[in-house]
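Trainee: Following this message is one structure expressed as structure tokens.
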Amino acid sequence: MLKLIFRRVALTLPTFVALMFVTFVAVRMVPGDPIEARTGERGIAPERLAALRHDLGLDQPVWKQFLDYAYGLLHGDFGVSIVTKTPVLHEFLILFPATLELALCALVFAIVLGIPAGVLAAVKRGSVLDHSVMTVALAGYSMPIFWWGLLLIMFVSEYLGLTPVSGRMDLINYYFEPVTGFMLIDSLLSGQEGAFGAAVAHLILPSIVLGTIPLAVIARMTRSSMLEVLGEDYVRTARAKGLSPLRVVGLHALRNALIPVVTVVGLQTGTLLAGAVLTETIFAWPGVGKWLIESISRRDYPALQGGIMLISAIVILVNLIVDMLYVAINPRIRHG
Amino acid sequence: MPVISTKAAIAAALLTAFAAAPAYAAKTLVYCSEGSPENFTPALNTTGTSFDAARPVYNQLVEFERGTTKVVPGLAESWTVSDDGKELTFKLRKGVKFHSGVNGFTPSRDFNADDVIFTFDRMWKPENPYHKVTGGAYDYFNDMGMPDLLASIDKVDDYTVKFVLKEPNAPMLANLAMDFATIHSKEYADFLLKKGTPEQFDQIPVGTGPFSFVNYQKDAVIRYKAFPAYFEGPAKIDNLVYAITPDPTARYAKLKKGECHVMIAPNPADIAGMKTDPAVNLLSQPGLNIAYWAFNVEKPPFDKKEVRQAFNMAIDKAAIIKDVYQGAGQGAINPIPPTIWSYNKDVKDYAYDPEKAKKMLADAGVKTPLDIDLWWMPVQRPYNPNAKRIAEMMQADLAKIGVNAKLVSYEWGEYRKRMQEGEHTTGQLGWTGDNGDPDNFFFLLGCPAARKGGQNLAKWCNKEFDDLITKARTISDLSERTKLYEQAQVIFKEEAPWFTIAHSVVYEPTRKEVVDYKVSPFGRHEFYGVELK
Amino acid sequence: MAEENAIDDPIPAGPERLVLSDSGLSLSAVTVAQAEPVGEEPSPLRAFWSAFSENRGAVLGLAIVVFIALLAVFAPWVAPHSPTEQFRQSVLLPPVWAGGNWSFPFGTDAVGRDVLSRLIYGARISLGIGLSVMVVSVAVGIVLGLAAAFLRGAVEVVVMRIMDVVVAIPSLVLAILVVAVLGPSLVNTIVAVTVVYLPRYVRLVRAAAIAELSKEYVVAAQVAGVGKLRLMFVTVLPNCLAPLIVQAALGISDAILEAAALGFLGLGAQPPTPEWGAMLADAREFIRSAPWIVTLPGLAILVTVVAINLMGDGLRDALDPKLRRS
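Structural data, given as structure tokens:
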């Protein structure tokens, strides 16, 4: 096991080096210039442009810029954003809790609804319930997220008036300093009455929107995995032994059926963390996905490079853990 | 259908959650802004978003009166100009306090001349310890030509500062009211330098303004609270909050629900609805701007005046105003907005007449189908809510006179640069005025700007026109200047280097409980003096 | 659906999901089950169809896809108007059920273009993107995947490491980056989406091919002296096709969604092309005043993608003996 983990970690190292190179090159291949991108109709005089480029080190040969960047990365320095002049790592750490909070809530939403729905559908295979679950899952799976988010805001927030429109907190009634960056925790820490409720209210719609696809995937996965397990000999034996269906499903089948589901959940986690660009954009959610997209349009090289590196590192890490977990809970695969 | 039932359950839970919200005594005004500021030092920035974020905290020596372009005293209570026009002497206000308790800083003294000197030295003198902090790009200071203009800035005594210029310059005073000339605390700068964190100077602002900075979370929120010791008296609201909400649809939804009180830049499509919305006061002001479509006269057939005129007749301007500006704009005739003096009311626009346009093209020897480029900028600008839609409409109109327009766009910085290089055959852009002087618009059509890389995107250099505007720039008599500019507008219309699209109207919806909010002609957002009912 | 969906395989049917997530070097054994040689059954096409048609949803999906495809192909004859003609007198006309008139059944958009006609022509664009991405990524995926499986060594390492890098970058960010580099256009949208979705095909083909390689018929062919290229494409490839076909069908729907997301962000097809995502983006500001021009393109995307996914499900059930009802 240890050996396997070591092997896997070692395997990700060249990926990181390649990733560093690819992002560095790709970012610089984007036409345009970070300084030009910021100027308005007035434009900028060529001499000042040259001076500013010099200050940013953009006039250096690309290979030298790359070496500087690589050297910095080795020392944990992700560079400084061209636009805000704050360290990239610092910006990332401010935005990431928002992304993480949203991703986890979306995932909880997807799991809490998805697994029971999948199990029920499998157990009641062919029933109306099964068909409904599968239809909803299919629709969820096929949903254009940006459109879905807009519709929900218009209907749930504006028309029904049930949830706040966007943002993370009720800004009129509450104020507290961010401690952890997680609004749910900070609102509790603040001790202000109703703050936690407001934080939850702000999370509902974005979580539903972001959780729609994982929900569909998890429900379908649970169902098919469950069906497979239900068809296996030991389950049939258990049934034949006269065990109650609930016991069969709950005890024997579910445990085995959930193994692949765990994998899917893990993979979804990685994906959700990778920044829900569209969800964040629609709900004005201050997360990393939106930040990366803005960095592209601003040609903010360091922010973009650093952001992609950090996010990718997290995705790779999460996927690695998922793989390990899978190996750990599924003995069949270990000798594979 | 698990999704639906859960939603209902959550909704029920929510209603109880909201019912628990506390009664809140303090008055908090929330402004739904567009984006995150780059930092809080206006001198370093060029965007309205960043200026707006710094403005509650700071003052300038002289300021624009809220909602107007009029220059009024700020931190300077009076000023005198020497006879030769080269010396500006400011008498500073006494007893002005800096914010206390922000970032662990407690000022030991009131505002004085040292702060003024420090502020300008930072932008101007490379030896100033803060010159290189936060990138050190002082765009506006340089753009306004300050380094060439300033001979020295002298401290006469603690409350008197003298600006010595190399040549007389009338707009200087108005320049000092601009955001880049915001006055900072030298004591705070020294305090941070000693602490070893000078970069915080631009992240955690300390100023003399009506609101002191509380907290900023990137892409989420900026918080300020009223500064009780503000020299013009404390603000009428207790807390000021900028809720960063990039999407205009969401901004309006928040405004409707009372999640914010004032919002920037509504969707043109929502304006009609806002007018009848009982919760909303829709304020408006004609913008100091123009959107235009330039014909590159260096590229045939646009070297021919008749062709340019024909193109002017081929486009249905009224439809653009109606369908793109949705009423938030007026069709433009002259290259300057009607709110600027010297606007020539007698100039007539080309009437929409595709048949005549077609004939003129044929008469000018243009073979159809003619292929041209039609460039549109990829971003929304104050003068043009949707260049893409305008381009699509123009494309359809041009097809009727046998012209195939290929729509072209680039990333914004690239777009502007390529247009200035003259790579386009035709392209859209526009201009927003900085100071209300006609020359601030006319120079866009002058011969010096027609060079490669210059601002004259038609690359149109007309001797007669250029002589008129050059002469108008050098004389001071207003009626004389007006006459020259009026003449220039006649030539412009006849020569038709542009299709003048529109002057936009700036709309700002506020909630009914907001009292005395004023729309700024410069597109600023100011909250001192605003009250909540 | 973009990044929210980037874990690719929409219909995770079993442990073979892992192939996509893992570094590509192990776990290939689990895919074997899927790659049961199709061609060995007596009448493969008929068997396939009877299995496929058993699934009513799949047939419905197929019917809808065929319908949309026909609309797309015959757009010039079916659409009531040109997709780019602007009826300036009828701007923002509501659809017929909301008080509009029959000359514009689905209403008109902000510049007076017929929404129905744009949707019909948009089907061409969206299906075109979906198919192009699928064809290109399957083709490239086969070549790279087989190369990795057959040549092993350095080729395999390089190919699979590159795929790892591609997968590691958030998919929508990567797509946007590619479009930013190449410039926004329909073709570049296809390139960007292909880049994003390529790894899943490469990994799938490689894993399936490696599994096949150890089988007797391959060894036999090798012994018989069959050339390497022939072995790759003629002997092994056909037996890897089943999972690939399923993946490809579902890949079309993902590509359509991803392209629509790019269009929504203004990075896809350029005006006045009636691409659905771009139509949505253009119409976004009218969500209050003219909701139909926002709702209809979204519905078009949803229906198309649902139909393709239904069909894909049916394909999988029919081609994957493990899950076939018996």
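Chains A, B and C, in that order, give the protein sequences.
Residue numbers are given in full-length UniProt numbering: position 28 of the first sequence equals residue 28, and the series is strictly consecutive.
Residue numbers are given in full-length UniProt numbering: position 26 of the second sequence equals residue 26, and the series is strictly consecutive.
Residue numbers are given in full-length UniProt numbering: position 274 of the third sequence equals residue 274, and the series is strictly consecutive.
No residue lacks a Cβ here, since even glycine has one placed at the ideal position from N, Cα and C.
1) Out of A:75, A:8, A:80, A:74, which has the shortest C-alpha to C-alpha gap to residue 57 of chain A?
2) Would a C-beta distance cut-off of 8 Å place residue 125 of chain C and residue 265 of chain C closer than the cut-off?
3) Are there 16 or more other CB atoms within 10 angstroms of the CB of residue 57 of chain B, so buried, or fewer, so exposed?
4) Unbroken beta strand (DSSP E) runs of length 3 or more, entirely within the segment 49-84 of chain B: which are they?
5) Taking only the alpha-carbon atoms, compute the straight-line gap between residue 432 of chain B and residue 499 of chain B and give it to the nearest angstrom.
6) Report yes or no: do three or more beta-carbon pairs, one from the segment 507-514 of chain B and one from the segment 291-303 of chain B, lie closer than 8 Å?
7) Against residue 72 of chain B, what residues of chain A qualify as contacts under a CB-to-CB distance less than 8 Å, listed in chain order?
8) Give the interface partners of residue 298 of chain C over in chain A, defined as CB-CB distance under 7 Å, in chain order.
9) Taking C-alpha atoms, which residue in B:296, B:269, B:242, B:313 lies nearest to residue 325 of chain B?
10) Can you find the residues in the same chain that come closer than 7 Å, C-beta to C-beta, to residue 264 of chain A, ignoring five residues on each side of it along the sequence?
11) Looking at residue 24 of chain A and the ligand MG, is the gap between the Cβ and the nearest heavy atom below 7 Å?
12) Are any of the Cβ atoms in chain F nearer than 8 Å to that of residue 280 of chain C?
13) Consider the Cβ of residue 210 of chain C: report whether some Cβ of chain A lies at a distance smaller than 8 Å.
14) In chain C, what lies closer than 7 Å to residue 29 of chain A by C-beta?
15) With 8 Å as the C-beta to C-beta threshold (strictly closer), list the residues of the segment 402-431 of chain B near chain A in chain order.
16) Using a Cβ-Cβ cut-off of 8 Å, state whether residue 42 of chain A counts as contacting chain B.
17) Kindly list, in the order they appear in chain C, the residues whose Cβ is closer than 7 Å to that of residue 393 of chain B.
18) In chain order, what residues of the segment 10-35 of chain A put their CB closer than 8 Å to some CB of chain C?
19) Does the beta-carbon distance from residue 278 of chain B to residue 509 of chain B come in below 8 Å?
20) As an exercise, report each continuous alpha helix (DSSP H) stretch of at least 4 residues that is fully enclosed by the segment 176-252 of chain C, in chain order.
21) Can you pull the chain A residues whose beta carbon is under 7 Å from the beta carbon of residue 253 of chain C, in chain order?
22) Answer yes or no: do residue 307 of chain A and residue 291 of chain A have a C-beta to C-beta separation smaller than 8 Å?
23) Compile a chain-ordered list of the residues in the segment 212-233 of chain B whose CB is closer than 9 Å to at least one CB of chain A.
24) Using DSSP bridges, identify the partner residues of residue 280 of chain B.
25) By Cβ distance below 6 Å, which residues in the same chain neighbour residue 80 of chain B in space, the five residues on each side in sequence not counted?
26) What are the boundary residues of the beta strand (DSSP E) that residue 312 of chain A is part of?
27) So for residue 482 of chain B, helix, strand or coil by DSSP?
28) Could you spell out where the beta strand (DSSP E) holding residue 562 of chain B opens and where it closes?
29) Relative to the alpha-carbon of residue 38 of chain A, which residue among B:147, B:411, B:505 has its alpha-carbon at the smallest distance?
30) Verify the CB distance criterion: does residue 256 of chain B have a CB-CB separation below 8 Å to chain A?
31) Less than 7 Å between C-beta atoms, sequence neighbours within five positions excluded: which residues of the same chain meet that for residue 486 of chain B?
32) Output, in chain order, the set of chain B residues within a Cβ distance shorter than 8 Å of residue 282 of chain A.
33) Could you give the DSSP three-state label for residue 130 of chain A: helix, strand or coil?
34) Would you verify that the beta carbon of residue 6 of chain B is, or is not, closer than 8 Å to some beta carbon of chain A?
35) Rounded to the nearest angstrom, what separates residue 165 of chain B and residue 195 of chain A at their Cα positions?
36) Going by C-alpha distance, which of A:293, A:254, A:214 is nearest residue 232 of chain A?
Mentor: Well, looking at it:
1) By 1-based counting over the first sequence, the position of residue 57 of chain A is 57. Relative to the Cα of residue 57 of chain A, the nearest Cα in the group A:75, A:8, A:80, A:74 belongs to A:80.
2) For the purposes of this step, residue 125 of chain C is taken as residue 125 along the third sequence, with counting starting at 1. For the purposes of this step, residue 265 of chain C is taken as residue 265 along the third sequence, with counting starting at 1. With respect to the 8 Å criterion, residue 125 of chain C and residue 265 of chain C are not classified as neighbours on the basis of their beta carbons.
3) For the purposes of this step, residue 57 of chain B is taken as residue 57 along the second sequence, with counting starting at 1. Answer is buried; the Cβ neighbour count reaches 16.
4) With a minimum length of 3 residues, the continuous beta strand (DSSP E) runs that stay inside the segment 49-84 of chain B are 62-64, 71-73, 76-81.
5) Numbered from 1 along the second sequence, position 432 holds the residue referred to as residue 432 of chain B. Numbered from 1 along the second sequence, position 499 holds the residue referred to as residue 499 of chain B. Distance between the alpha carbons of residue 432 of chain B and residue 499 of chain B is about 17 Å.
6) No, because fewer than three Cβ pairs between the segment 507-514 of chain B and the segment 291-303 of chain B fall closer than 8 Å, the two stretches do not touch.
7) Translated into the one-based positions of the second sequence, residue 72 of chain B becomes position 72. Scanning chain A for C-beta atoms nearer than 8 Å to the C-beta of residue 72 of chain B yields nothing, as the closest lies near 26 Å away.
8) Counting from 1 along the third sequence, the entry for residue 298 of chain C is found at position 298. 144, 147, listed in chain order.
9) Here residue 325 of chain B is taken as the residue at index 325 of the second sequence, counted from 1. Of the candidates B:296, B:269, B:242, B:313, the one whose C-alpha sits nearest the C-alpha of residue 325 of chain B is B:269.
10) To locate residue 264 of chain A, count along the first sequence from 1; it is residue 264. Within the same chain, Cβ atoms closer than 7 Å to the Cβ of residue 264 of chain A are found at 217, 218, 221, the five residues on either side in sequence being excluded.
11) The ligand MG is absent from the structure shown, which contains no ligand whatsoever.
12) Absent from the structure: chain F. Protein chains present are A, B and C.
13) Working through the third sequence from its first residue, we reach residue 210 of chain C at position 210. Closer than 8 Å: no.
14) Along the first sequence, read from residue 1 onward, the residue named residue 29 of chain A stands at position 29. In chain order: 181.
15) Of all residues in the segment 402-431 of chain B, those with a C-beta nearer than 8 Å to a C-beta of chain A are 410, 411, 412, 413, 414, 416, 417, 420, 429, 430, 431, reading in chain order.
16) Looking up residue 42 of chain A in the first sequence gives position 42. Closer than 8 Å: yes.
17) Counting from one through the second sequence, the residue named residue 393 of chain B turns up at place 393. The answer, in chain order, is 86, 111.
18) Of all residues in the segment 10-35 of chain A, those with a C-beta nearer than 8 Å to a C-beta of chain C are 11, 12, 14, 15, 18, 19, 22, 23, 26, 27, 29, 30, 31, reading in chain order.
19) The sequence position of residue 278 of chain B within the second sequence is 278, counting from 1. The sequence position of residue 509 of chain B within the second sequence is 509, counting from 1. With a cutoff of 8 Å on beta-carbon distance, residue 278 of chain B and residue 509 of chain B are scored as not near each other.
20) Taken in chain order, the unbroken stretches of alpha helix (DSSP H) that lie wholly in the segment 176-252 of chain C and span 4 residues or more are 186-213, 216-223.
21) Numbered from its first residue, the third sequence carries residue 253 of chain C at position 253. Contacts between residue 253 of chain C and chain A, judged by CB atoms closer than 7 Å, involve 142 in chain order.
22) What you label residue 307 of chain A is simply residue 307 of the first sequence in a count that begins at 1. What you label residue 291 of chain A is simply residue 291 of the first sequence in a count that begins at 1. Yes, they are a contact pair.
23) Taking 9 Å as the upper bound on Cβ-Cβ separation, chain A lies near residues 214, 215, 217, 218, 219, 220, 221, 223 of the segment 212-233 of chain B.
24) Counting from one through the second sequence, the residue named residue 280 of chain B turns up at place 280. Under DSSP, residue 280 of chain B shares a beta bridge with B:511.
25) On the second sequence, position 80 is the one that residue 80 of chain B refers to. Excluding sequence positions up to five before and after residue 80 of chain B, its CB lies within less than 6 Å of the CB of 89, all in the same chain and listed in chain order.
26) Indexing the first sequence from 1 puts residue 312 of chain A at position 312. From DSSP, residue 312 of chain A is part of no beta strand (DSSP E) but of the alpha helix (DSSP H) over 301-329.
27) As a working note, residue 482 of chain B is residue 482 in the second sequence. Reduced to three states, the DSSP call for residue 482 of chain B is helix.
28) An answer regarding residue 562 of chain B cannot be provided, because it is not within the stretch 1 to 533 covered by chain B.
29) Indexing the first sequence from 1 puts residue 38 of chain A at position 38. It is B:411 whose Cα lies nearest to the Cα of residue 38 of chain A.
30) On the second sequence, position 256 is the one that residue 256 of chain B refers to. The beta carbon of residue 256 of chain B falls within 8 Å of a beta carbon belonging to chain A, placing the residue at that interface.
31) Within the second sequence, numbered from 1, the residue matching residue 486 of chain B stands at position 486. The answer, listed in chain order, is 342, 344.
32) As a first step, residue 282 of chain A must be located in the first sequence, where it is residue number 282. Result: 247, 250.
33) Working through the first sequence from its first residue, we reach residue 130 of chain A at position 130. Residue 130 of chain A carries a helical assignment under DSSP once its states are collapsed to helix, strand and coil.
34) The residue labelled residue 6 of chain B in the question sits at position 6 within the second sequence. In this predicted model, residue 6 of chain B has a pLDDT of only 46, less than 50, meaning its place in the structure is not dependable enough to derive any value.
35) In the second sequence, counting from the first residue as 1, residue 165 of chain B sits at position 165. In the first sequence, counting from the first residue as 1, residue 195 of chain A sits at position 195. C-alpha separation (whole angstroms): 56 Å.
36) For this step, residue 232 of chain A is matched to residue 232 along the first sequence. When each option's Cα is compared against that of residue 232 of chain A, the closest is A:254.
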